[in-house]
Amino acid sequence: MMYVSTRDKSVRVSAAQAITQGISADGGLFVPESLPALTPERIQKLASMSYIERACDILGDFLTDFSPGEVRSCAEAAYGGNKFGPEIAPISRLNGNTYLLELWHGPTCAFKDMALQILPHLLTRSAQKTAGDKQIAILVATSGDTGKAALEGFRDVPGTRIIVFYPRDGVSNIQKLQMTTQRGGNVAVCGVEGNFDDTQTAVKAIFTDKSLHAALEQKNIMFSSANSINWGRLVPQIVYYIGAYCDLAKNGEIAPGDPVNIAVPTGNFGNILAAYYAKRMGLPVARLICASNRNNVLTDFIRTGRYDKRREFFATASPSMDILISSNLERLLFDLVGRDDAAVRELMRSLAEEGFYDVPDSVRAALGESFWGGFCTEEETAATIRETFDKYSYLCDTHTAVGLKVRGDYLDETGDDTKTIVASTASPFKFAGSILEAVRPGSGIRDEFRQARLLAEISGMDVPPQILELESMPPRLGDCCGKEDMRRFVCEQLGI
Ligand SMILES: *Cc1c(COP(=O)(O)O)cnc(C)c1O
1171 MMYVSTRDKS VRVSAAQAIT QGISADGGLF VPESLPALTP ERIQKLASMS YIERACDILG
1231 DFLTDFSPGE VRSCAEAAYG GNKFGPEIAP ISRLNGNTYL LELWHGPTCA FKDMALQILP
1291 HLLTRSAQKT AGDKQIAILV ATSGDTGKAA LEGFRDVPGT RIIVFYPRDG VSNIQKLQMT
1351 TQRGGNVAVC GVEGNFDDTQ TAVKAIFTDK SLHAALEQKN IMFSSANSIN WGRLVPQIVY
1411 YIGAYCDLAK NGEIAPGDPV NIAVPTGNFG NILAAYYAKR MGLPVARLIC ASNRNNVLTD
1471 FIRTGRYDKR REFFATASPS MDILISSNLE RLLFDLVGRD DAAVRELMRS LAEEGFYDVP
1531 DSVRAALGES FWGGFCTEEE TAATIRETFD KYSYLCDTHT AVGLKVRGDY LDETGDDTKT
1591 IVASTASPFK FAGSILEAVR PGSGIRDEFR QARLLAEISG MDVPPQILEL ESMPPRLGDC
1651 CGKEDMRRFV CEQLGI
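Its first residue numbered 1171, the sequence shown is counted upward by one per residue in this note's numbering.
Given below as structure tokens:
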């Protein structure tokens, strides 16, 4: 299986090259040239397998330059042992035709673990194939969740170093503690005096700094990225959608071949795109419900065919979805315009230079066939958390609440009550303040650990130990710097 750039199809690389490079030199994203097929017989076979076996089977089709043994060792390193709960991605019925696929049983309590636990292994194998014995230095700019998930994923992975920058005053107390207490011999963390945009801009500049590359070359080190535009982060996400369907069939909730809908709380369009690929492979998925928060650029796009980033940015209670440019949408566009790289190039130029683009009617129609878009206000998010808890004794997080609410709106508007898998993307304890305020308004408790303990008491759930332990762990990575000193920090860490 080969991969091409969405902006230049003549750029054709192997899976290992796509993963090592992260992004194509022309700015495009790597996409598979074709998709493997999921026949009904194959789905039936997958249904009797464990998560790791399913991952090996599905990933093997995409990573054809990896041996089966290599794929297996990556999958076992990620999902074996005790890094996840007893089930990797459990699915259960919330009510009627609504099922929740919980993707947050990994080490950092958010769905990013599903991909960031395996990416380091895919990346080191890929680099061995394409870049010899170079050490990989991962640079991350994070607004919170990605940084911690990447640190946990890369921690003590041989041949890698990871350096995470976060806006010092732009993340929650728990998020900061998750990073500053990080264990591992190959990790570095630094708070930046500035906002997320400053941090990300400076990281991008370091990535493309020619003199730095020369110095790295001498030390036999190369930069890489753990960002969600990397194919190695997207492909592991296809596994759990197929797995969820298999589990529903295995448990008799659906008959083999029955269609399902999938609703996904969306930011960068990575998670829902994985569901789209599963559908294109042949998984019986009818509609993909794209749920946004108040930053509803995707809702407007799906409804009107115009993507317009020229709008106010809102900081919401579902911060991992506060995004105005959903990078992975480019991969969907490539598919919808009939894999016409020139058309994608023009759309992306328009977005960068004019701040918007319009897709042709044919694309808008194709989009509407597979997707339905909706969004949820802050008040509706809180109300959904409260109602879901009151009615079903189920405590969902703020991101998941957006997915549930929009799925409900879809049902009301279309009457389509096809069984629906809603992606549950974070543990409620990760956003304890907002959740507590939704179920017990006005509690007045400010300390996150007290909030979490009270939530546990109210819900009968346990606070995840990896959150509880932060309270007594001494921060060991307290470095801070100005944005102009980030390059120096990187050089110090890498000994150049
Ligand atoms: C990252 C994230 C999302 C958004 O996922 P995308 O792949 O960026 O669309 C949703 N919920 C949570 C909890 C996240 O961390």
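Virtual Cβ for every residue (Gly too), placed ideally from N, Cα, C. Just so we're clear, the structure is a prediction, and the values are computed from it rather than from any experiment.
What does a CB cutoff of less than 8 angstroms around residue i pick up in its chain, not counting 5 residues either side in sequence?
| i | result |
| --- | --- |
| Gly1427 | Pro1210 and Pro1454 |
| Ala1485 | Asp1492 |
| Phe1526 | Arg1476, Tyr1477, Asp1478, Lys1479, Arg1480 and Ser1520 |
| Cys1279 | Ala1596, Ser1597, Phe1599, Lys1600, Pro1634, Gln1636 and Ile1637 |
| Tyr1562 | Leu1264 and Asn1265 |
Three-state secondary structure (DSSP) at residue i?
| i | result |
| --- | --- |
| Glu1223 | helix |
| Gly1543 | strand |
| Met1172 | coil |
| Leu1208 | coil |
| Asp1368 | helix |
| Ala1485 | coil |
| Lys1389 | coil |
| Lys1179 | strand |
| Asn1466 | coil |
| Leu1458 | strand |
| Thr1316 | helix |
| Thr1590 | strand |
| Ala1445 | helix |
| Leu1638 | helix |
| Ala1433 | strand |
| Asn1397 | coil |
| Gln1287 | coil |
Measure the alpha-carbon distance for residue i versus residue j and round it to whole angstroms.
| i | j | result |
| --- | --- | --- |
| Glu1550 | Thr1469 | 16 angstroms |
| Glu1726 | Lys1380 | The structure shown does not extend to residue 1726, since the chain is modelled only from 1171 to 1666, so the question has no answer here. |
| Met1349 | Leu1647 | 8 angstroms |
| Ser1432 | Tyr1269 | Correcting the residue identity first, residue 1432 is Ile in this sequence and not Ser. One C-alpha to the other measures close to 9 angstroms. |
| Ala1248 | Asp1531 | 42 angstroms |
| Ser1642 | Asn1343 | 14 angstroms |
| Asp1528 | Leu1517 | 8 angstroms |
| Pro1429 | Arg1658 | 54 angstroms |
| Cys1460 | Asp1649 | 38 angstroms |
| Gln1298 | Gly1329 | 10 angstroms |
| His1748 | Asp1178 | No statement about residue 1748 is possible, as the shown extent of the chain runs from 1171 to 1666 and does not include it. |
Sorted by chain position, which residues of the same chain lie with C-beta nearer than 6 angstroms to residue i's C-beta, five sequence neighbours on each side aside?
| i | result |
| --- | --- |
| Asn1400 | Gly1192 |
| Ala1285 | Arg1403, Pro1406 and Gln1407 |
| Asp1417 | Ile1261 |
| Ser1313 | Phe1366 |
| Phe1439 | Ser1496, Asn1498 and Leu1499 |
Here's a check: name, in chain order, each residue in its chain whose Cβ is nearer than 7 angstroms to the Cβ of residue i, leaving out the five neighbours to either side.
| i | result |
| --- | --- |
| Cys1566 | Ile1555, Thr1558, Leu1574, Ser1594 and Pro1598 |
| Gln1537 | Here residue 1537 is Leu; the residue named in the question, Gln, does not match the sequence. Excluding positions up to five away in sequence, the list reads Ile1472 and Leu1506. |
| Thr1176 | Gly1198, Leu1199, Val1201, Glu1500, Arg1501, Phe1504, Asp1511 and Val1514 |
| Gly1255 | His1275 |
| Gln1621 | Ala1602, Gly1603, Leu1606 and Ile1615 |
| Gly1668 | Lying outside 1171 to 1666, the shown extent of the chain, residue 1668 is not represented and no answer is given. |
| Tyr1446 | Leu1458, Leu1502 and Ser1540 |
What residue from the options has the CA that sits closest to residue i's CA?
| i | options | result |
| --- | --- | --- |
| Gln1663 | Phe1366, Ile1391, Asp1368 and Glu1322 | Ile1391 |
| Val1533 | Asp1560, Arg1519, Leu1502 and Ala1552 | Leu1502 |
| Phe1483 | Glu1423, Leu1494 and Ala1602 | Leu1494 |
| Leu1458 | Phe1619, Lys1374, Gly1543 and Pro1530 | Gly1543 |
| Ser1462 | Leu1443, Gly1437, Ala1311 and Ala1456 | Gly1437 |
| Ser1243 | Ser1180, Arg1295 and Ala1445 | Arg1295 |
| Pro1645 | Pro1238, Ser1237, Asp1231 and Gln1345 | Gln1345 |
| Gly1612 | Ala1552, Ile1666 and Phe1281 | Ala1552 |
| Ile1666 | His1383, Ser1395, Lys1420 and Phe1619 | His1383 |
| Leu1271 | Glu1423, Tyr1411 and Ala1522 | Tyr1411 |
Establish whether the CB of residue i and some CB of chain C are separated by less than 8 angstroms.
| i | result |
| --- | --- |
| Val1507 | Of the protein chains in this structure there is only one, and it is not chain C. |
For a test of your reading of the model: does the CB of residue i fall under 7 angstroms from any non-hydrogen atom of ligand 2? Yes or no.
| i | result |
| --- | --- |
| Met1491 | This structure does not include ligand 2; its bound ligands are ligand 1. |
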